[in-house]
Each structure stands twice: as C-alpha cells, then as structure tokens.
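Working notes, beginning with the structure itself.
Protein chains in written order, with the numbering used here: chain A, 25 to 289; chain B, 151 to 618.
Laid out in structure tokens, this is it:
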C-alpha cells in the first residue's frame with residue numbers, strides 16, 4: 025500500500041486505466057442482481073442495473089394511495105403477467121374498505137387471472153405471510169401494503185427476499201422515510217406540485233450509488249379516456265343519447281358523441 | 151443414570167434380556183437369572199419385555215424404511231433391507247445409511263446397522279455393534295469381518311453353545327475350521343446352513359414386507375400432552391411412517407386426517423378432535439406435509455389433554471414423481487406456488503387467499519367475483535372499453551359537498567366523464583349512475599359517481615374507486 029502511494033502520478037493513471045472495468049468508484053451505480061426494466065426510460069437510467077432489482081426489497085413510500093403507485097409498476101407487471109408469472113398482492117390491512125377491481129388491472133395491461141390476493145387482518149400474520157411468500161420464490165412480483173414495520177422485521181424480510189428471483193415491492197407510508205431500512209432501493213412517490221401537467225414525482229432516497237438530488241418526473245400511463253376532454257354540460261349531451269341505447273348498456277357519452285356526429289348537425 | 155434391565159420369561163424362569171450401561175456396570179448381563187441381578191444391584195428397575203409392542207415398533211420401522219427400498223423384511227429382532235438398487239438414487243452408502251438412521255430416530259428407535267453383501271452377514275454385523283453405530287463390509291472384507299465375530303451371535307447354536315465353547319470354538323473362524331461333515335453330525339444341519347448363508351455360500355429366500363392398502367397409524371403418547379405445539383414431535387413420528395408408505399405405494403396424498411384422542415372424561419366416550427388437511431395438488435413430500443400439520447397444530451387450542459394420535463391418508467392418488475431440475479422452471483415455480491397457497495391457507499384459512507374472475511355484468515360491484523386460490527385458475531379478463539380503477543370501495547363512500555363541488559381531502563376537479571352505468575332494474579340492485587374521473591389537490595385519481603335518483607342533494611356524490 026505504501027509503495028503504491030509513493031509511485032509517481034503517471035503510473036497511477038496507467039493503473040486506473042488498466043483497472044477500469046474492475047474498479048468501482050463512489051459515483052457509479054452498482055448492479056449486483058439482475059433487474060427488469062421499469063418501462064420508464066428516465067427511471068431506468070437512475071436505477072442501479074437499469075431497472076427494478078430482483079433478489080431484494082424495494083420500498084415505495086407514499087403519503088396516500090391513489091397517486092399512481094400501481095400504474096408506476098404497470099409496465100413491468102404487464103410484462104410479467106404476459107410471461108405467465110404470478111403477481112402476489114398482500115392487500116392493505118383495511119381490506120374491508122377496498123377490493124381489487126379486475127377490470128382496472130386488465131386495462132393497464134395486467135392479466136387479473138395472474139393476481140393472487142392474500143388477506144391477513146392481524147399484523148403478525150401479515151408479516152408471516154410476506155415472509156413465506158418471499159421464501160417460496162414462486163412469484164414474478166410480490167406487492168405488499170404493509171403497516172408500520174419494526175427494523176428487525178424489515179431485515180428479516182430483506183433476508184428472505186434475497187432468495188427470490190422475482191420483484192418484491194413494499195408500499196409504506198411516507199413517514200417511514202426517516203427510519204433506517206435494510207432495503208437497498210427506496211423511492212418516495214409524490215405528485216408534482218406544478219399545475220397543469222399530471223406527473224408522478226419519484227424521489228430516490230436510497231440506492232446502491234450516488235445520491236440523486238432532484239426528483240424524477242414521470243408521465244404515467246393515464247386511464248384511457250382521460251386523454252379526451254370533459255364534455256361540456258354533461259347531462260344535456262348525455263340524456264338524449266341514453267334513450268337510444270338498450271337498458272344497461274355502458275355508454276361513454278364522449279365516444280357516443282364522436283361516433284354519431286350526424287344528429288348534432 | 152438409573153440402572154434399567156428388561157426381563158424375559160422362559161417358562162417359569164425369568165431371565166435378564168437386556169441391560170443398559172448403568173446396569174451392565176453393576177454386573178448385570180443378559181441371560182442372567184433375575185434373582186442374581188437383584189442381588190448384584192438391588193435398585194435396578196426391571197421392565198417386562200412386551201413382544202406385541204416390539205412387533206408394532208418393527209412394523210412401524212419397516213413402513214418408514216419402505217421409502218428407501220421396496221424389499222424390506224421384518225425379523226424377530228430387526229429389519230433386513232435390500233439396498234443394492236437404492237444406493238445410487240440416495241447418493242451412496244453413507245448418505246443412505248444417514249437417511250435411514252434419521253428416519254428411525256424420528257420413530258424414537260436406536261438401531262444398530264450392519265451392511266454386507268449377504269443378508270445374514272449384515273445381520274450378524276448389525277448384532278455385533280452398539281446402537282446408533284454401523285458396521286460395513288465390502289465383498290472382499292466380508293469373510294475377514296465375520297471371522298472375528300463371536301459364535302454367541304449365531305441363532306442356531308442354541309443348546310450347543312456350552313459344547314462349542316468347550317471344544318474351543320469362540321469365534322466364527324474357529325467354527326469354520328472344523329470339518330463340515332462333523333458339524334452336521336454333531337450340531338445338526340441348521341448351524342452349517344446359517345454359516346453358509348452368512349458367508350454367501352447359500353442363498354436365502356425371504357418374504358418381503360408389504361405396505362397395507364390403507365394407511366392408518368396410531369401413536370400412544372407417553373405422557374398426557376396439553377400443549378398443541380408439543381404434539382408436533384409426535385406427529386413427526388407418524389409422518390415418517392406415512393412417507394415410507396407413500397414411497398412404497400408410489401402414491402401422493404391429497405387429504406389427510408390427524409385425529410387427537412383426548413383424555414376420557416369420567417365414563418363418557420373419548421372425545422376426538424379431527425384435523426383435516428386438504429391439498430390442492432397431491433404431495434408426497436414429508437417436509438411439506440409436516441409443515442401443513444404444524445401450522446394447523448399451532449392454531450389449535452386443546453380443550454383436554456391428548457393421550458393418543460392417529461393419522462390416516464383419506465385420499466390418495468398415483469404420484470407423478472417429476473425429475474429433479476437444475477434450474478428453476480415454470481413447472482417448479484407452479485409447484486412452489488401451490489405449496490405457498492397451501493401453507494398460507496393452512497394458517498389464514500382458505501378464503502384468505504383468493505383470485506378474481508369476471509362476470510358478465512355492467513355494475514362495477516357485481517362484475518367480478520372471488521374464488522379460492524386452491525381452485526383452478528380463472529380465465530383471463532379482456533380489458534374493458536372504458537376507464538376502470540384498480541381498487542374499488544366495497545361500499546361507495548358518500549362525498550360531502552363543498553361549494554357545490556364534491557370534496558375528498560380537497561374539492562374535486564372532474565377530468566373526464568360522465569360515463570353512464572344504468573342497469574339492474576330486473577333485480578334489487580338498480581343502478582343509475584354517472585361516473586367521472588376526478589382529481590383532488592393531493593393528485594389522487596378517483597372514480598366518483600353521481601346518483602341520478604338521489605332524493606337528498608347532499609347525498610348524491612359517491613367515491614367508488616381509486617386509480618392507484
């Protein structure tokens with residue numbers, strides 16, 4: 025070591041160029057496990073390995089549900105479901121309030137037949153179920169909506185996740201970002217504060233690599249008709265159309281208006 | 151250690167059959183009269199030998215060993231297993247012996263093992279070693295190893311033993327040196343035959359043990375057990391037999407029943423607790439089956455102490471034993487998924503693990519159903535023509551109005567809609583709703599609707615879903 029320090033600087037440069045492929049520097053991203061592309065080019069660029077990492081836990085921290093957390097994962101989940109891999113959902117504890125709506129998952133490209141939903145009201149059972157699922161390594165992706173977790177429990181889960189070749193995501197409350205966690209990847213999801221555009225802001229608070237200062241702004245795939253403008257004074261347009269359709273037919277007045285331009289003129 | 155000896159009755163005489171280390175140290179040896187033993191060591195605990203129990207234990211052991219070889223035979227004091235064909239499958243002699251030893255220890259037995267090219271040679275070797283030890287001889291060592299054994303081990307010496315030791319025959323090699331004709335004339339044909347069987351000069355026919363058609367095993371517990379978790383150890387003994395039986399029948403089990411026989415209360419019938427374990431996919435893996443039993447036992451609250459356990463295989467199918475795989479494939483994924491589902495439903499209940507399927511309906515709350523994950527996977531669902539949220543409220547939540555705008559965290563901004571869903575006049579669930587996609591200041595995308603038939607103006611907006 026001392027001999028190396030006394031070497032003149034040119035040979036250090038030579039040494040560095042010789043070791044370029046084998047030397048890890050602090051500002052480089054480390055990819056230790058295979059990963060799956062997230063479907064968002066901006067995000068892939070910042071994730072170590074160029075995508076969601078396998079064999080470890082990824083924490084997604086968010087203040088409340090409905091920000092687009094599932095749509096963020098939709099591209100990779102869609103790919104897994106097309107490959108007939110299972111997606112295990114450990115649903116939130118207040119599960120008597122919400123249920124999975126299969127049509128909504130089908131719409132963002134995820135085959136609902138590949139979803140396996142696990143419900144466990146007691147926190148101890150939820151942790152046990154998560155650990156068993158991680159150990160079984162039989163899933164393409166595992167998504168857990170978890171309650172406040174103790175660090176020991178998280179460490180246990182991370183150890184179990186190391187053997188799983190699928191993706192493991194934990195949705196946790198935003199307040200957990202200041203607690204230490206063994207998960208190698210932690211993202212805070214939020215909404216962009218600016219008006220007008222609807223973008224999901226993703227702040228990477230922990231990754232195997234340098235700190236990322238600015239949050240990423242991602243364009244999520246919006247629910248399809250959202251691209252269409254809202255019909256002015258909806259009731260006026262809707263009521264004459266409805267009468268023409270059979271009872272019980274789902275009608276989207278906007279599409280109806282577009283497909284039948286004749287009566288309006 | 152307490153000196154313990156087992157006694158055996160021969161007519162009116164009672165002999166010591168077996169003594170433990172403490173008793174042997176006091177001078178108690180097999181074939182000693184009981185009176186002598188008591189004089190040597192008055193505090194010795196004498197136990198009567200129970201032939202029926204011994205036979206039962208041997209049968210259980212034979213069942214457990216069927217996993218390793220189909221050719222098993224039960225003899226008076228032990229088992230003979232033909233393992234030549236199993237050596238390769240189980241990874242060699244050492245690995246196989248380890249597994250057999252492990253299985254027998256699960257049955258709380260302490261076997262001594264002998265391995266030799268001839269059945270009777272192995273038998274003599276096994277009898278010559280201490281419990282939990284193994285003596286092995288290859289074909290060229292066999293004669294050498296047998297020569298050094300005492301003639302006491304032979305079964306057909308019987309009343310000739312004093313004569314034999316009188317003429318200086320102490321080991322098998324001494325006996326072999328005698329002229330064969332002379333042995334036959336003096337001690338009968340049996341002794342020479344036994345010697346030939348051991349050294350391989352004569353073949354031995356055996357009748358092999360056959361597994362019963364139905365599996366049912368009972369286990370009487372030594373002590374009353376009041377803790378359900380402690381029953382796991384006893385259940386493990388039953389599982390060892392079950393796995394041997396499944397191996398012999400090339401079968402896999404889909405339904406198991408573990409019955410707990412509780413302590414009798416006064417004169418009434420013995421109360422029973424039946425624990426039924428159903429499997430989605432047939433399994434013959436003892437570890438997996440035991441994990442399911444353990445989960446169920448951990449949940450159990452015992453009303454009364456348990457005296458006896460019994461295990462029966464109720465539903466058995468032919469096992470299709472897959473080849474081992476080097477890398478995980480789709481097949482091994484689906485097997486481990488089935489196991490996960492079984493394990494989770496053993497603890498959380500079958501309705502805690504579900505899949506969704508689609509119904510032909512327009513009303514969002516009725517267009518899907520839940521089915522247990524143990525059933526066959528549902529058909530794929532085609533994407534709907536209009537926007538649908540990923541999560542649906544079980545009960546639509548009424549939204550209050552704030553300045554004529556519905557309010558959820560903050561006033562909502564309608565982004566898209568309306569989409570009218572009007573259906574169900576023929577049953578009780580008439581729905582007349584205009585659905586909108588709305589957003590609040592926290593940027594949550596919500597699926598809200600306005601009830602068209604609302605009587606009260608304040609009650610007309612509802613939150614029904616979440617675009618997560």
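We put the CB at the ideal spot given by N, CA and C, even for glycine.
Item	Value
Inter-stretch contact at 8 Å, needing at least 3 Cβ pairs: the segment 555-565 of chain B / the segment 583-590 of chain B	yes
Contact check, residue 77 (chain A) vs residue 209 (chain A), beta carbons under 9 Å	yes
Cutoff 9 Å: residue 349 (chain B) Cβ touching any chain A Cβ	no
Residue 581 (chain B) classed as buried or exposed, judged by whether at least 16 other C-beta atoms fall within 10 angstroms	buried
CA-to-CA distance, residue 236 (chain B) to residue 273 (chain B), given in whole angstroms	19 Å
Sequence-distant residues of its chain with Cβ nearer than 6 Å to residue 69 (chain A) (five each side left out)	none
Reduced DSSP category for residue 123 (chain A) - H, G, I as helix; E, B as strand; rest coil	strand
Meets three-Cβ-pair contact criterion under 8 Å: the segment 425-444 of chain B and the segment 338-356 of chain B	no
Contact the segment 120-136 of chain A vs the segment 151-162 of chain A: 3+ CB pairs below 8 Å	no
Contact list for residue 493 (chain B) against chain A, beta-carbon separation under 7 Å	156
Residues from the segment 539-568 of chain B in contact with chain D, defined by Cβ distance under 9 Å	Protein chains in the displayed structure are A and B, and chain D is not among them.
Close-in-space but distant-in-sequence residues of the same chain around residue 285 (chain B) (CB under 6 Å, 5 per side omitted)	264, 275 and 279
Closer than 9 Å to chain B by CB, residue 141 (chain A)	yes
Closest residue to residue 63 (chain A) among A:203, A:103 and A:72 (Cα-Cα distance)	A:103
Stretch-stretch touch, CB-based, cutoff 8 Å, three pairs: the segment 354-364 of chain B with the segment 405-420 of chain B	no
Alpha-carbon to alpha-carbon, residue 508 (chain B) and residue 533 (chain B)	11 Å
Chain A within 9 Å of residue 227 (chain B), Cβ atoms only	no
Where the segment 245-277 of chain B meets chain A: residues whose CB sits under 9 Å from a CB there	none
Reduced DSSP secondary structure (H/G/I, E/B, other) of residue 349 (chain B)	helix
Terminal residues of the alpha helix (DSSP H) in which residue 520 (chain B) lies	Element bounds for residue 520 (chain B): not the alpha helix (DSSP H) but the beta strand (DSSP E), 518-522.
Partners in chain B for residue 94 (chain A), counting only beta-carbon separations shorter than 7 Å	540 and 618
Cutoff 9 Å: residue 518 (chain B) Cβ touching any chain A Cβ	yes
contact_flag[the segment 185-199 of chain B, the segment 153-173 of chain B] where n(CB pairs < 8 Å) is 3 or more	yes
Contact under 9 Å by Cβ, residue 163 (chain A) with residue 132 (chain A)	no
Listed by chain order, chain B residues near residue 129 (chain A) by CB distance under 7 Å	540
Contact set between the segment 65-88 of chain A and chain B, restricted to residues whose Cβ is under 9 Å from the partner	87 and 88
4-residue-minimum alpha helix (DSSP H) runs that sit fully inside the segment 323-375 of chain B, ordered along the chain	330-337 and 339-349
Below-9 Å beta-carbon distance, residue 524 (chain B) vs any chain A residue	no
Backbone CA spacing between residue 389 (chain B) and residue 436 (chain B) [nearest angstrom]	7 Å
Contact check, residue 231 (chain B) vs residue 395 (chain B), beta carbons under 9 Å	no
Segment contact, 8 Å Cβ cut-off, at least three pairs: the segment 369-385 of chain B with the segment 313-330 of chain B	no
Cutoff 9 Å: residue 100 (chain A) Cβ touching any chain B Cβ	no
Proximal residues of chain B, C-beta to C-beta of residue 237 (chain A) below 7 Å	Simply none; closest approach about 22 Å.
DSSP state of residue 546 (chain B) mapped onto helix, strand, coil	strand
Sheet register partners of residue 584 (chain B) (DSSP bridge)	B:570 and B:600
Cross-chain neighbours of residue 91 (chain A) in chain B, by beta carbon under 7 Å	593 and 594
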